[in-house]
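If you read the sequence shown in our numbering, its first letter stands for residue 105, the second for the next number, and so on.
Beta carbons are placed, not taken as given, at the ideal position from N, Cα and C, and that holds for glycine.
Just so you know, these numbers come straight off a predicted model, no measurement behind them.
Beneath this line is the structure, given in structure tokens, with notes to follow.
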Amino acid sequence: MAQESLFSNRENTTPLASRVRPETIDDFVGQKQLLGEEKFYAKLLNKIKFLQ
């Protein structure tokens with residue numbers, strides 16, 4: 105039985121950080137430390153809504 109390399113034939117070469125990065129607001133649901141009142145992302149979303 106031949107031993108395979110851990111690094112050969114990798115299916116996904118995209119970095120892990122890119123694969124798990126939130127893409128929609130639904131990915132943040134329940135993240136009070138990010139979307140809670142007076143937090144950075146909550147303020148950012150309010151500004152975006154205001155500008156539209």
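Asked: R125 - DSSP class collapsed to helix/strand/coil; Found: coil
Asked: Helix, strand or coil at Q137 according to DSSP, with G and I counted as helix; Found: helix
Asked: Reference K133, options S122, R123 and Y145, closest by Cα; Found: The identity of residue 133 in the sequence shown is Val, whereas the question assumes Lys. With distances taken between Cα atoms, V133 lies closest to Y145.
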